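Trainee: My questions all concern the structure below.
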Amino acid sequence: MSSPPQKSRRPTLPVLVAVGAACYHCYSKASDSSKLQKCSSCRLVSYCNASCQRKNWRAHKHFCRIAADIESSPLMTFTMAGWIGKTSPDEIESQVNQVFEYFTLRLGRQLLSSENILLHLRPRCLTCGRTDQLIRIECSLNSAIAPHTLIPCPKCHLSFACQDHWSAAYVEHTQIMCEGGYDGLPHCVLNQELLEDDEFSAQMLRRPELHPQYSAPTRAFRWIPPPHKRSWTSLKTVTWADEFQPQLELEFLEAAPSISMRRMSDILCMPMTALYALECLNDNLNWTKKGLLSIHVIGAQSKELWHAVCFENILHQLPAVKLVHVVICGALLEPHLGDDMRSGPYDIQCCQDCERKERGRGNDYYDVHYHDLPAKIGPNYRIPDLAIAFNSGASEASYTAAWKKTVAFLVENNIPSVFTAYTAAEAAQDHQILVDAQAKLVPELGPCRNPWGSLLSKKDFGQQRQFYSDNMYLAGGFKGRS
Numbered sequence: 001m002s003s004p005p006q007k008s009r010r011p012t013l014p015v016l017v018a019v020g021a022a023c024y025h026c027y028s029k030a031s032d033s034s035k036l037q038k039c040s041s042c043r044l045v046s047y048c049n050a051s052c053q054r055k056n057w058r059a060h061k062h063f064c065r066i067a068a069d070i071e072s073s074p075l076m077t078f079t080m081a082g083w084i085g086k087t088s089p090d091e092i093e094s095q096v097n098q099v100f101e102y103f104t105l106r107l108g109r110q111l112l113s114s115e116n117i118l119l120h121l122r123p124r125c126l127t128c129g130r131t132d133q134l135i136r137i138e139c140s141l142n143s144a145i146a147p148h149t150l151i152p153c154p155k156c157h158l159s160f161a162c163q164d165h166w167s168a169a170y171v172e173h174t175q176i177m178c179e180g181g182y183d184g185l186p187h188c189v190l191n192q193e194l195l196e197d198d199e200f201s202a203q204m205l206r207r208p209e210l211h212p213q214y215s216a217p218t219r220a221f222r223w224i225p226p227p228h229k230r231s232w233t234s235l236k237t238v239t240w241a242d243e244f245q246p247q248l249e250l251e252f253l254e255a256a257p258s259i260s261m262r263r264m265s266d267i268l269c270m271p272m273t274a275l276y277a278l279e280c281l282n283d284n285l286n287w288t289k290k291g292l293l294s295i296h297v298i299g300a301q302s303k304e305l306w307h308a309v310c311f312e313n314i315l316h317q318l319p320a321v322k323l324v325h326v327v328i329c330g331a332l333l334e335p336h337l338g339d340d341m342r343s344g345p346y347d348i349q350c351c352q353d354c355e356r357k358e359r360g361r362g363n364d365y366y367d368v369h370y371h372d373l374p375a376k377i378g379p380n381y382r383i384p385d386l387a388i389a390f391n392s393g394a395s396e397a398s399y400t401a402a403w404k405k406t407v408a409f410l411v412e413n414n415i416p417s418v419f420t421a422y423t424a425a426e427a428a429q430d431h432q433i434l435v436d437a438q439a440k441l442v443p444e445l446g447p448c449r450n451p452w453g454s455l456l457s458k459k460d461f462g463q464q465r466q467f468y469s470d471n472m473y474l475a476g477g478f479k480g481r482s
């Protein structure tokens, strides 16, 4: 496949740009010898020089003027004054949503991806949640408060605190393990990893020819380890590094192993979590030697669809299996399915080694709730070896009713199943749905941290100090009724 056009390679807005620590036009970071200049109108973005600002003005001016108008609008100033002292995640999310509505109404269109990120990641005090804009409004209403701006962390440049909370916030930020982190890492170190991951994407997109396993549209590193196993080996006592780092270091020399490991795990966590669940749900190893292994990905969305190529790794981990059949099923898939995906089994080319050994895989795609699948395909429906719901969101109010029907179907039909979640809180809530359905739960499968969840941490827009990653937690695994 040829490389996509250069215009499709422009990175999504880097986090340093979103917080004003890199140029909004060229993405250059501030250096020791130069200082970025804030846009004097909106005060949301920064530029490295006047030339970059002039070049960016046409694209930025409408958004800029609307942002500048906020502080001169009596209605918005009155509204925002009511936000002072409201610091809970729900309250801050409500504030962000109101700002989004204001911009959408004034722009007469939906926000661009870059504008969305800019408003979501605008600097806030880690403790009180105030932005520079809110501090200015507060100072204008109370002359006893001296004007000041947020102080950035000198190490990561991604977190901020006001002068009242700086000392305590900095200690927690740099020394205490962050929720959603790993290995005891604090918020500051996770922020620095986030910057490394941003730079990895930028490097990939700057290459004359894209790395063959890097997807520019989705910014994903779809690395499939080559087949080298002679038999299945347990995943219960090994880590990502044990399993993949030696080969990754041989194949990919352009980034530190820790960075490429995080990036490849974000996609590879799907087949690895499925394999781990199969190991925990089975009392013997018969499943590792089947001629046909069937996996149903339920509640699927676009990520599972676009990166279904990663399931070839199941063939590479299970050398005795001849064919892997993956059904990707979800009511939200409808806008993403092409006609070729709707017309029956969708064969996917495997690596040369698998093809030489006459091993293969095929996918089927269905845009329905999983409990409706038997009615849609009739006698073609077969009980799978595993049904897996990645980051299901089963406890989200708008999805719960449908998920309860799906869980009841899985329990009633004795289908080996596992559910994952982004965070511990989501895993606990999703787990309760499984308990309420009287699923026969396997303790190893949650609610707990997933040893094969993605290592690529992402910032939680709604929580100042929280990170999450794909399939980071296991909400529960079960087979049948308790």
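Position 311 of the sequence shown, counting from 1, maps to 311 under the UniProt record's numbering, and the rest follow consecutively. Note that the Cβ used here is the ideal one computed from N, Cα and C, for glycine as well. Please read these numbers as outputs of a predicted model, since none were measured by experiment.
Compare the Cα-Cα distances from Phe478 to each of Phe409, Glu196, Ser454, Arg263 and report the closest residue.
Mentor: Looking at the Cα atoms, Phe409 is the closest of the given residues.
Trainee: Quick check: the Cα distance between residue 500 and Gly82, rounded to an integer number of angstroms?
Mentor: Nothing about residue 500 can be reported from this structure: the residues present for the chain run from 1 to 482 only.
Trainee: What is the C-beta distance between residue 542 and Cys128, in whole angstroms, given that I count them as a contact (C-beta under 8 Å)?
Mentor: The structure shown does not extend to residue 542, since the chain is modelled only from 1 through 482, so no value can be given for it.
Trainee: Looking only at its chain, what residues have a beta carbon closer than 8 Å to the beta carbon of Leu333, apart from the 5 residues adjacent to it on each side?
Mentor: Excluding sequence neighbours, Leu333 sits near Ala300, Gln301, Ser302, Leu305, Tyr365, Tyr366, Asp367.
Trainee: Which residues does DSSP pair with His325 in a beta bridge?
Mentor: His325 is bridged to Ser294, Gly362.
Trainee: Quick one: is residue 483 buried, meaning 16 or more other Cβ sit within 10 Å of its Cβ, or exposed?
Mentor: The first residue shown for the chain is 1 and the last is 482, placing residue 483 beyond what the model contains.
Trainee: Would you call the stretch 313–324 and the stretch 227–238 in contact, with 3 or more CB pairs under 8 Å?
Mentor: Yes: the two stretches touch, three or more of their Cβ pairs being nearer than 8 Å.
Trainee: With DSSP run on the structure shown, which of helix, strand or coil describes Met472?
Mentor: If DSSP states are grouped into helix, strand and coil, Met472 belongs with coil.
Trainee: Under the DSSP definition of a beta bridge, which residues are partnered with Phe478?
Mentor: Its beta-bridge partners are Ser417, Leu441.
Trainee: Can you tell me which of the three DSSP states Phe100 falls into?
Mentor: Helix, per DSSP.
Trainee: I'd like the list of long-range same chain contacts for Leu150, defined as Cβ closer than 7 Å, with 5 residues on each side in sequence excluded.
Mentor: Pro123, Cys125, Asp132, Phe160, Ala161, Cys162, listed in sequence order.
Trainee: Inspect the beta-carbon positions of Leu456 and Arg263 and report whether they are closer than 8 Å.
Mentor: A contact, by the Cβ cut-off of 8 Å.
Trainee: Using a 10 Å radius around the Cβ and a threshold of 16 neighbouring Cβ atoms, would you call Glu91 buried or exposed?
Mentor: Burial call: exposed.
Trainee: Looking only at DSSP bridge pairs, what is Pro152 linked to?
Mentor: DSSP lists Phe160 as partners of Pro152.
Trainee: Do you know whose CA, among Asp372, Cys354, Arg481, lies nearest Glu412's CA?
Mentor: Comparing Cα positions, the closest option is Arg481.
Trainee: Under a three-way DSSP split, which group does Ala389 fall into?
Mentor: In the structure shown, Ala389 sits in a strand (DSSP, three-state: E or B).
Trainee: I'd like to know if the stretch 235–248 and the stretch 412–422 are in contact, where contact means that at least 3 CB-CB pairs between them fall below 8 Å.
Mentor: Flag = no, the stretch 235–248 and the stretch 412–422 do not touch.
Trainee: Skipping 5 residues on each side, what residues in its chain have a beta carbon closer than 6 Å to that of Gln175?
Mentor: Around Gln175: Pro186.
Trainee: Going by C-alpha to C-alpha distance, which of Pro416, Ala425, Asp470, Leu195 sits closest to Leu278?
Mentor: When each option's Cα is compared against that of Leu278, the closest is Pro416.
Trainee: Going by the beta-carbon positions, is the gap between Leu235 and Leu194 smaller than 8 Å?
Mentor: Cβ atoms of Leu235 and Leu194: not closer than 8 Å.
Trainee: Between Lys322, Leu285, Ala397, Met272, which has its C-alpha nearest Ala308's C-alpha?
Mentor: For the residues Lys322, Leu285, Ala397, Met272, the minimum Cα distance to Ala308 belongs to Met272.
Trainee: Using the Cβ count rule (16 or more neighbours within 10 Å means buried), how would you classify Trp403?
Mentor: By the neighbour-count rule (16 or more Cβ atoms within 10 Å), Trp403 is buried.
Trainee: I need the DSSP call for Thr383, collapsed to helix, strand or coil.
Mentor: It is Ile, not Thr, that sits at residue 383 in the sequence shown. Note: Ile383 maps to coil in three-state DSSP.
Trainee: Is it true that the CB of Ser40 sits closer than 8 Å to the CB of Tyr24?
Mentor: Going by C-beta atoms, Tyr24 is not nearer than 8 Å to Ser40.
Trainee: By DSSP's criteria, residue 494 is part of a beta bridge. Which residues make up the other side?
Mentor: Look at the range of the chain in this structure, 1 to 482, and you will see that residue 494 is not part of it.
Trainee: Are there 16 or more other CB atoms within 10 angstroms of the CB of His148, so buried, or fewer, so exposed?
Mentor: The residue in question, His148, is exposed, as its Cβ has fewer than 16 Cβ neighbours within 10 Å.
Trainee: Taking buried to mean at least 16 other C-beta atoms within 10 Å of its own C-beta, is Pro384 buried or exposed?
Mentor: Buried, since its Cβ has 16 or more Cβ neighbours within 10 Å.
Trainee: Quick check: the stretch 428–444 against the stretch 283–292, are at least 3 beta-carbon pairs closer than 8 Å?
Mentor: The stretch 283–292, when compared against the stretch 428–444, does not touch it at the 8 Å Cβ threshold.
Trainee: Of the choices Phe467, Glu101, Pro379, whose alpha-carbon is the least far from that of Lys458?
Mentor: Checking every option, the nearest Cα to that of Lys458 belongs to Phe467.
Trainee: Taking Arg136 as the reference, give the member of Ala256, Asn284, Ile70 with the closest Cα.
Mentor: Checking every option, the nearest Cα to that of Arg136 belongs to Ile70.
Trainee: Within the same chain, show all residues whose beta-carbon is closer than 8 Å to that of Ala256, passing over the 5 residues directly before and after it, in chain order.
Mentor: Cβ within range, chain order: Glu196.
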